[in-house]
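Sequence positions in the sequence shown follow my numbering and run 94 to 651.
Using N, Cα and C, we set each Cβ at its ideal position, and we do this for glycine too.
Report on the following structure.
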Amino acid sequence: MKISGSVPKWIGRFAYLVGLFDMGANLFRPIRIRAHKIDHYLPLAVHSTAFATAFFTGVITLILARGLIRRKRRAWTMSISILVISLIANGLRFTDQPFEEILSVVLIILLLAYRKEFYAKSDPTTKLRPVYGFVFAFIIFFISGILILLFRHGSQISGNPSVKEILLTVLEGLVGITGPVKFISDRSNDALGFTLGTFGIFLILIPVWLYFRRIEPTPKMSDEELEIVKKLIKHDLEQDSLGYFATRLDKSVIWAKNRKAGIAYRVQGGVMLASGDPFGEYSLWPEAIEEFLTVAKEHAWTPAVMGASDHGGEVWVDKAEMLAIDIGDEAIINVANFTLEGRSMSNVRQMVNRIKRKGYTSQTTKFCELEPSLQREMQELAKKWRYGVPERGFSMSMDRFGEAIDQETYITIARQDGVVKGFLYFVPWTTNRLSLDRMQREKGTDPGVSELMIVSTVEYAAEHGLTHISLNFAAFRSLFERADKISAGPIVRSTRNFIRFLSNWFQVESLYRFNAKFQPEWETRYVLYPKASDLVSVGWAALRAEKFITSFRSHSVR
């Protein structure tokens with residue numbers, strides 16, 4: 094690794110240290126300035142404001158450190174300004190803090206010396222960023238106000254105020270009101286008042302500044318782009334089975350210059366995460382990848398791919414020199430070779446026969462051909478049958494269900510005595526294949542309903558010229574397969590047991606076992622990443638994108 098390549102990371106870590114030291118030095122150092130010294134040189138208001146400013150710059154330095162690690166130019170510019178302000182604020186105070194000032198000066202020198210390393214554009218922001226900024230700043234200043242009251246002015250407190258009085262004093266101080274906590278010295282009361290009042294001003298300025306410094310968000314897929322993507326993946330007979338999932342409206346698209354090929358992606362925590370293989374003309378995939386890498390470099394994002402196939406992965410590895418890790422396999426039924434006969438299919442055959450005897454039936458059709466009332470019912474059931482579990486998916490599922498813009502989707506519905514008990518929902522895979530988007534059923538439904546629906550779908554496909562059906566993705570399939578062999582070693586079996594433990598919360602082993610019953614063909618899927626040190630951040634971004642790690646947003650079906 095080149096030394097310069099790691100400089101921003103070390104400077105960012107050093108900035109964390111500077112910010113933490115500034116905050117700690119100001120929070121936990123008792124005020125020991127002689128009153129006559131303050132009165133002789135500067136008013137108490139100036140000194141207290143300078144203290145609050147010095148503390149504030151420590152907080153901001155701590156926040157900017159992450160931007161420095163990610164080479165952001167705006168973080169570099171702001172860091173220089175904040176550090177200069179910090180030095181000025183410390184100069185207006187009568188405290189002996191040479192170490193704090195030396196750290197700030199050293200950081201400024203490093204930032205200036207390596208200024209060319211900080212070239213990246215700022216990340217896009219959302220309309221809610223000022224709100225998040227206000228909430229974050231309020232929490233920081235409120236907690237800091239409590240610590241300042243207790244540690245800097247604790248010796249000057251009169252009596253034993255209650256927790257409620259302390260909290261109320263800090264809260265009222267942020268809006269310029271004197272709280273119920275009393276001090277032995279009026280000077281301490283005034284000093285705390287000026288400090289908290291300055292925090293209150295910063296509390297207002299931060300969201301205002303964030304509002305006017307917003308960066309336009311990365312444009313999501315437009316209606317025009319959606320139609321282009323659908324056209325490209327429909328007419329490309331070699332298109333990957335995950336191709337239609339590129340039409341998720343929460344993704345953005347990078348195009349080759351003539352818009353005959355592209356890459357769907359999302360930025361997640363500084364990782365530019367591509368979804369599956371590129372789509373469109375195969376000969377233009379390298380050009381689309383080059384555009385993808387250019388945008389990633391401009392913003393200092395880590396380029397990565399989630400769910401690449403062997404076919405697409407080879408292009409990524411060749412063009413972007415990425416590393417690949419096997420994350421599992423996709424089960425694909427070859428309709429022409431599918432049969433319920435034979436010993437290997439005895440379990441499926443028995444389950445289907447048993448469920449039929451209980452009065453279950455199954456029917457496959459295009460979703461758009463359903464009666465409007467049934468369409469609405471299926472949409473309601475899709476929400477209801479989540480049973481509180483958040484909607485997951487990014488590279489292998491859709492963000493919508495049964496909408497008018499998806500005219501080529503199919504649905505298989507299972508009923509018992511006319512009542513809907515479960516359904517499979519498929520998106521198109523080129524012109525003659527299907528790719529499973531969701532499999533849902535009512536709680537308490539008899540075992541075998543899912544098997545019945547899959548077999549029914551295969552029968553429909555055989556009658557209507559559909560050649561392949563992509564089923565569920567089975568994570569770590571090769572691991573389970575190796576662990577089942579008598580030659581499996583202790584490491585493989587221990588890893589299998591750990592994954593089996595995780596299956597208590599996520600469908601891992603059970604999904605593999607279910608898929609394997611249908612004797613499918615297996616298509617290996619990969620995560621691609623630039624270098625080994627990026628694997629953790631890429632893995633975390635992938636988990637967040639797939640919503641296995643959720644945020645405050647709702648993930649329900651629309």
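Simplified DSSP assignment, three categories, for residue i
{"i": "G632", "result": "helix"}
{"i": "A147", "result": "helix"}
{"i": "H648", "result": "With a pLDDT of only 36 at H648, under the threshold of 50, the placement of this residue in the model should not be trusted; the figure read from the coordinates follows. Coil, per DSSP."}
{"i": "A349", "result": "coil"}
{"i": "R163", "result": "coil"}
{"i": "Y134", "result": "With a pLDDT of 42 at Y134, under the threshold of 50, the predicted position of this residue should be treated as unreliable, though the coordinate-derived value follows. Three-state DSSP puts Y134 in a helix."}
{"i": "P300", "result": "helix"}
{"i": "Y375", "result": "helix"}
{"i": "R125", "result": "Interpretation of R125 is limited by its pLDDT of 44, a score under 50 that renders its predicted location unreliable; no figure is taken from the coordinates."}
{"i": "E484", "result": "coil"}
{"i": "K412", "result": "helix"}
{"i": "F566", "result": "strand"}
{"i": "Y212", "result": "coil"}
{"i": "W394", "result": "coil"}
{"i": "A581", "result": "coil"}
{"i": "R359", "result": "strand"}
{"i": "S99", "result": "helix"}
{"i": "S402", "result": "coil"}
{"i": "A475", "result": "helix"}
{"i": "R341", "result": "coil"}
{"i": "H246", "result": "coil"}
Option nearest residue i by Cα separation, candidates the options
{"i": "L545", "options": "G184, Q456, L604, G293", "result": "Q456"}
{"i": "I239", "options": "Y225, G252, I259, L221", "result": "I259"}
{"i": "I448", "options": "L113, S549, A182, Y518", "result": "S549"}
{"i": "F487", "options": "Y453, R637, V410", "result": "R637"}
{"i": "S315", "options": "R341, Q361, E462", "result": "R341"}
{"i": "F211", "options": "I175, L289, Y109, V100", "result": "V100"}
{"i": "P613", "options": "L243, H561, L204, F287", "result": "H561"}
{"i": "W615", "options": "S334, A397, S439, F494", "result": "S334"}
{"i": "E501", "options": "I233, R593, Q509, E462", "result": "E462"}
{"i": "V177", "options": "T154, L161, T288", "result": "T154"}
{"i": "G537", "options": "P396, I173, Y480", "result": "Y480"}
{"i": "I592", "options": "A576, A581, Y207", "result": "A576"}
{"i": "I426", "options": "T150, L564, N525", "result": "L564"}
{"i": "R618", "options": "M399, P300, G247, T387", "result": "M399"}
{"i": "Y304", "options": "L221, S281, A339", "result": "L221"}
{"i": "A625", "options": "S237, P396, D343, L203", "result": "P396"}
{"i": "K102", "options": "L157, T454, F149", "result": "L157"}
{"i": "R534", "options": "E556, Q509, W522, T288", "result": "Q509"}
{"i": "F573", "options": "R589, I299, L386, E414", "result": "R589"}
{"i": "M116", "options": "Y207, I241, F229", "result": "I241"}
{"i": "M489", "options": "P191, V520, K578", "result": "V520"}
Contact set for residue i: own chain, Cβ-Cβ below 6 Å, skip 5 residues either direction
{"i": "L325", "result": "F372, G373"}
{"i": "V408", "result": "W378"}
{"i": "S278", "result": "Q249"}
{"i": "A634", "result": "Q361, G362, V364, L366"}
{"i": "I124", "result": "Model confidence at I124 stands at a pLDDT of 46, short of 50, so the residue's coordinates are unreliable; what they give is reported in the following sentence. R245."}
{"i": "I201", "result": "L176"}
{"i": "D343", "result": "D492"}
{"i": "P300", "result": "P223, G226, F227"}
8 Å Cβ cutoff met for residue i and residue j
{"i": "S528", "j": "Y337", "result": "yes"}
{"i": "S215", "j": "K275", "result": "no"}
{"i": "T262", "j": "A145", "result": "no"}
{"i": "G515", "j": "V542", "result": "yes"}
{"i": "A354", "j": "A389", "result": "no"}
{"i": "D419", "j": "S571", "result": "yes"}
{"i": "H392", "j": "D370", "result": "no"}
{"i": "A284", "j": "E193", "result": "no"}
{"i": "V445", "j": "K610", "result": "no"}
{"i": "V518", "j": "I504", "result": "Strictly speaking, residue 518 in this sequence is Tyr, with Val absent from that position. Yes, these two residues count as a Cβ contact at 8 Å."}
{"i": "I74", "j": "L204", "result": "Any property of residue 74 remains undetermined from this structure, which presents the chain solely from 94 to 651."}
{"i": "V631", "j": "A554", "result": "no"}
{"i": "L653", "j": "A108", "result": "Nothing can be reported for residue 653: it is not among the residues displayed for the chain, which extend from 94 to 651."}
{"i": "G252", "j": "L289", "result": "no"}
{"i": "M415", "j": "P623", "result": "yes"}
Residues near residue i in its chain [Cβ-Cβ closer than 7 Å; skip 5 each side]
{"i": "A567", "result": "G421, D422, A424, L604, Y605, N608"}
{"i": "E318", "result": "V346"}
{"i": "F114", "result": "E193, L196"}
{"i": "H129", "result": "Because H129 sits at a pLDDT of 40, beneath the cut-off of 50, its placement in the model cannot be relied upon, and the point is left open."}
{"i": "V111", "result": "T154, L196, S197, L200"}
Residue i at chain D interface by Cβ criterion, 8 Å
{"i": "F107", "result": "Absence of chain D from the displayed structure is noted, only one protein chain being present."}
Contact test: residue i Cβ vs the ligand FAD heavy atom, cutoff 7 Å
{"i": "Q612", "result": "The ligand FAD is not part of the structure shown, which contains no ligands of any sort."}
Contacting residues, own chain, Cβ-Cβ under 8 Å from residue i (five flanking each side not counted)
{"i": "N351", "result": "L377"}
Quick one: complete beta strand (DSSP E) runs, 3+ long, within the segment 488-556? 503-509, 512-522, 526-534
In the segment 253-280, which residue ranges form an unbroken alpha helix (DSSP H) of at least 4 residues, counting only runs that do not cross its ends? 256-266
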